[in-house]
Every structure is written in C-alpha cells, then in structure tokens.
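In what follows, a structure is listed as structure tokens, so that the remarks can point back to it.
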Amino acid sequence: GQQVMQIPQYQHVQEGEDFTTYCNSSTTLSNIQWYKQRPGGHPVFLIQLVKSGEVKKQKRLTFQFGEAKKNSSLHITATQTTDVGTYFCAGRGQAGTALIFGKGTTLSVSS
Amino acid sequence: GAGVSQSPSNKVTEKGKDVELRCDPISGHTALYWYRQSLGQGLEFLIYFQGNSAPDKSGLPSDRFSAERTGGSVSTLTIQRTQQEDSAVYLCASSILRDNEQFFGPGTRLTVL
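So the protein lines, in turn, are chains A and B. For the first sequence, my numbering assigns the number 7 to the initial residue and increments by one for each residue that follows. For the second sequence, my numbering assigns the number 13 to the initial residue and increments by one for each residue that follows.
Written out as structure tokens, the structure reads:
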C-alpha cells in the first residue's frame, strides 16, 4: 500500500538556524498537505501542493513538491522558538482515497 | 459550532470494556476522518466518510473497531473489548470536500488499564 516516509524524525536547532524536513512517497501523489502540531495540541493545516514542481512560501516557510510528485520538502529559514512542534506531511495517492500521513519531524529550537 | 468538537476529552476504561468516542464535525463539511495517534507517533488513518458514499474502512486495525456517521454529521467510533494497546489519542477531522484541508478536533485521550 501507499507509504509516506518523513525524515528526519527529530531535529534540534539553535534559534536563527535553518531547518528542513523531507517527505517521500512510494507512489505518485495527486496532492500533498503539510500540518503542524504544537506540543499538546492537534494538527493544524499549513498548506496544500498540487502541481508538479510547485513551490509556495509562507513568510519564513518554503514548501516544495517534486517534479515526479513523489516527494516534498518544508524549509524554515531562521527558526524561531515559535516554530517548535511536529511537522507532518500527508499525501493522497492517485486513486484518491485516504490522506496518508508521514510520522512527522519534531523540531526543537533553543534560544 | 466554530470547530470540530470531540467528546469525551479523556476516557479511562478497563481492559475488555467497550468505549464510544464522539465527533461533531464543522457544519457543512462532507468529509470526516478518524485517526489514532500514539505517544510521540504519527497519525494512523482509521476510517474516512465522504457524504453518502460507503466509508473507507481500510485503516481499521481489527474488527473490534467500527464507526458510524449518522445523518452526514456526527460520527461515533466504537472500540469493543478494549485492549491496552488501544491506548492512544483518537483524533477526528473534517473537511469541506475530500481533497480540502482537514480541520482537526482536540482529540480523545483513551487509556485502557
């Protein structure tokens, strides 16, 4: 079945450093979504990518969807303590059924 | 309501008992999802409802798990004969349509003793 892998599982950075998490699917995706879950909270939608090679930015966050629509990345520039949390990617296969979540990357930031 | 609500927020039960978890999605959202999240783990898909279509039950881990969605709105996840490995946070989410962003509820923390 479809699998979505995310790396790294954990990342610790100093405030001001950059951070990237990568998401890879075993199958071609129709779209990919990214969510952020703060400690003790529930996942909150960040963005959806649909087109091959798509790049979207939200302030310090840059999201990319690979040309083959099998991988994606989230890059945070100059991390802040407010960026702490777990970032999940979630991909939907071409068959268009359930959204499959990766296991997430947990980011910690020290000031 | 303004968002997805779930009840109860916490549930402690004894092994072997049945439990029911409730989800009230955002009004007008046709898609509803149930996920399970164990401590420090990702989101495990359980079941998905879309309008009046047959639900996608492919994520249910065993026949002890079942879910209903009545009237296209409220959903109930039932776990029969609970086991300790069922302990987790059960999250519900809804979206306007299948491919749109999902709005998550606060979850129900289930502890099976």
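Just so it is clear, CB atoms sit at the ideal spot from N, CA and C, and this is done for glycine as well.
Problem - Spatial distance of Gly71 (chain B) from Ile59 (chain B) (CA atoms) - result: 6 angstroms
Exercise for the section: Could you tell me whether any Cβ in chain A is nearer than 7 angstroms to the Cβ of Phe116 (chain B)? Expected result: yes
Practice task
Please decide whether Lys109 (chain A) counts as near chain B, where near means a Cβ-Cβ distance under 7 angstroms.
Solution key: yes
Problem - Three-state class that DSSP yields for Gln5 (chain A) in the structure shown - result: The structure shown has nothing for residue 5 (chain A), since chain A only spans 7 to 117.
Handout entry: According to DSSP, residues forming a beta bridge with Ile108 (chain B)
Key = In the DSSP output, where bridge partners are listed per residue, Ile108 (chain B) has none listed.
Exercise for the section: Compare the C-beta of Tyr60 (chain B) with all C-beta atoms of chain A and state if any pair is closer than 7 angstroms. Expected result: yes
Practice task
Identify which residue in A:Val50, A:Gly97, A:Val115 and A:Lys62 has its Cα closest to the Cα of Leu80 (chain A).
Solution key: A:Lys62
Problem - Inside the region 17-61 of chain A only - beta strand (DSSP E) runs reaching at least 3 residues - result: 25-31, 35-43 and 50-55
Handout entry: Opening and closing residue of the beta strand (DSSP E) in which Glu32 (chain B) lies
Key = Val31 to Asp36
Handout entry: Val50 (chain A) Cβ short of 6 angstroms to the ligand SAH heavy atom set
Key = As far as ligands go, the structure on display features none, and thus does not contain the ligand SAH.
Problem - chain A residues whose Cβ lies nearer than 7 angstroms to that of Gly119 (chain B) - result: His48
Handout entry: Start-to-end residues for the beta strand (DSSP E) that takes in Val10 (chain A)
Key = Val10 to Ile13
Problem - Sufficient close CB pairs (3 or more, under 8 angstroms) joining the region 25-42 of chain B to the region 83-103 of chain B - result: yes
Exercise for the section: With DSSP as the reference, please indicate the residues paired to Val90 (chain A) in a beta bridge. Expected result: Answer is none; Val90 (chain A) lacks a bridge partner.
Practice task
Would you kindly check if the distance between the Cβ of Lys109 (chain A) and the Cβ of Gln9 (chain A) is under 7 angstroms?
Solution key: no
Problem - Distance CB(Ser87 (chain B))-CB(Ile38 (chain B)) smaller than 7 angstroms - result: no
Exercise for the section: Just tell me which of A:Leu55, A:Gly47, A:Gly7 and A:Thr85 has its CA closest to the CA of Glu21 (chain A). Expected result: A:Thr85
Exercise for the section: Compare the C-beta of Leu55 (chain B) against all C-beta atoms of chain A and say whether one is closer than 7 angstroms. Expected result: yes
Problem - 6 angstroms CB neighbourhood of Asp36 (chain B) in its chain, flanking five on each side removed - result: Ser17 and Val86
Practice task
State buried or exposed for Ala100 (chain B), treating a residue as buried only when at least 16 other CB atoms are found within 10 Å of its CB.
Solution key: buried
Problem - Residues that Asn37 (chain A) contacts on chain B, provided the C-beta gap is smaller than 7 angstroms - result: Asp111
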